[in-house]
Ligand SMILES: [Zn+2]
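In the numbering used here, the protein residues as written are 95 to 394.
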């Protein structure tokens, strides 16, 4: 089960967040890694009040801190965070074995990721009954546990590989920001809170605030990982950002091709009558980029 963080750490992390220019005024709501043990180790049992917390502690204890450089326990996702992938693609290691994941709930998928009723649906919907346990998909630390108008009771967990997972519409939350959680731990109970019509779990996977189709990471039917790693492309992030912009501006019709085995930029160029150079520009990739199966490329 999840373990509680200490107030001392929460306050220290709060100070750090201010230094990081992510203004947070309410110290106690700011989570941090649990563990008086860890704390004692670092400070050699110095009194809590004399502890000096610096960025290295966050690097050590907050999952993915080196990638995000912040730990915000209030804002679900920062769409305009400006995080950039430094290279054409980033390989995200998911686990040692395909079974290194816990499926968040038992129900079948009722709605996939993608465009739905003219709007982008950034997660998978899984069927459940109100009160069914909802489990963390991977080990990590709870970043958000709050009520949100759209998501209802919602929990966001940061994982050690930088991925974040979101669990929405819960009837009850059983974790707090800063809790260390293991794959399979119950984080709350399923429900129908927020903008939801009928009990279900809305499950999202994000990397650096960008939504990823969860079905590229997890095979819900088999209860396993899709593969041991996931290659996130600059192009797929760009096209996701484009899809977000599209869902915000009515009337714009942007078209995407989902890469299948054997697809090449030149093949797509011929198929859709768009120059390779333009395909690359629209998707923020280079002509030498490797396409991966499941990647979405915008072609208009
Ligand atoms: Zn949903």
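Even for Gly, the Cβ is constructed at its ideal location relative to N, Cα and C.
A quick note: this is a predicted structure, and the numbers were derived from the prediction, not measured.
Buried or exposed (CB count within 10 angstroms, at least 16 for buried), residue i
| i | result |
| --- | --- |
| residue 304 | buried |
| residue 92 | Residue 92 is absent from the model: the chain starts at 95 and stops at 394. |
| residue 253 | buried |
| residue 167 | buried |
| residue 211 | exposed |
| residue 300 | buried |
| residue 207 | buried |
| residue 378 | buried |
| residue 380 | exposed |
| residue 367 | exposed |
| residue 130 | The pLDDT assigned to residue 130 is 32, lower than 50, so where the model puts this residue is not dependable, and the model offers no usable value. |
| residue 160 | exposed |
| residue 382 | exposed |
| residue 126 | Residue confidence for residue 126 is low, a pLDDT of 39 falling below 50, so the modelled location carries little weight and cannot support an answer. |
| residue 372 | exposed |
| residue 213 | exposed |
| residue 115 | Reliability of the predicted coordinates at residue 115 is poor, the pLDDT of 33 falling under 50, and the value obtained from them is presented with this limitation in mind. Exposed, because fewer than 16 other Cβ atoms sit within 10 Å of the Cβ of residue 115. |
Pick from the options that is closest to residue i, judged by C-alpha positions
| i | options | result |
| --- | --- | --- |
| residue 291 | 156, 246, 238, 372 | 246 |
| residue 182 | 300, 151, 203, 328 | 328 |
| residue 215 | 312, 223, 204, 168 | 204 |
| residue 309 | 223, 169, 387, 379 | 387 |
| residue 318 | 197, 255, 239 | 197 |
| residue 288 | 306, 240, 274 | 240 |
| residue 356 | 379, 263, 389, 372 | 389 |
| residue 237 | 165, 266, 254, 226 | 165 |
| residue 353 | 385, 377, 369, 160 | 385 |
| residue 158 | 258, 170, 169, 221 | 258 |
| residue 163 | 171, 226, 260, 152 | 152 |
| residue 375 | 392, 367, 365 | 392 |
| residue 365 | 244, 227, 350, 378 | 350 |
| residue 284 | 380, 187, 225, 361 | 225 |
| residue 315 | 184, 161, 156, 201 | 201 |
| residue 262 | 368, 160, 218 | 218 |
| residue 311 | 169, 171, 185 | 185 |
| residue 286 | 244, 358, 250, 251 | 244 |
| residue 282 | 227, 381, 274, 222 | 227 |
| residue 187 | 256, 372, 363 | 256 |
| residue 249 | 223, 358, 161, 171 | 171 |
| residue 220 | 383, 260, 369 | 260 |
| residue 265 | 251, 313, 222 | 222 |
| residue 155 | 274, 302, 242 | 274 |
| residue 169 | 213, 242, 209, 229 | 242 |
| residue 195 | 359, 313, 370, 348 | 313 |
| residue 209 | 229, 307, 199, 251 | 307 |
Cβ-heavy atom distance, residue i to ligand 2, below 6 Å
| i | result |
| --- | --- |
| residue 312 | Annotation note on ligand 2: not contained in the displayed structure, which lists ligand 1 as its ligands. |
> So does the segment 232-239 actually touch the segment 290-297, counting three or more Cβ pairs closer than 8 Å?
Replying inline: no
> Does the segment 272-282 touch the segment 305-325, meaning 3 or more C-beta pairs lie closer than 8 Å?
Replying inline: no
> If you scan the segment 157-201 from start to end, which runs of the beta strand (DSSP E) of 3 or more residues do you find wholly inside it?
Replying inline: 183-187
> Below 8 Å, can you find three or more Cβ-Cβ pairs linking the segment 259-270 to the segment 183-193?
Replying inline: no
> Where are the beta strand (DSSP E) runs, 3 residues long or more, that stay fully inside the segment 259-337, in chain order?
Replying inline: 280-283, 294-301, 304-306, 323-327
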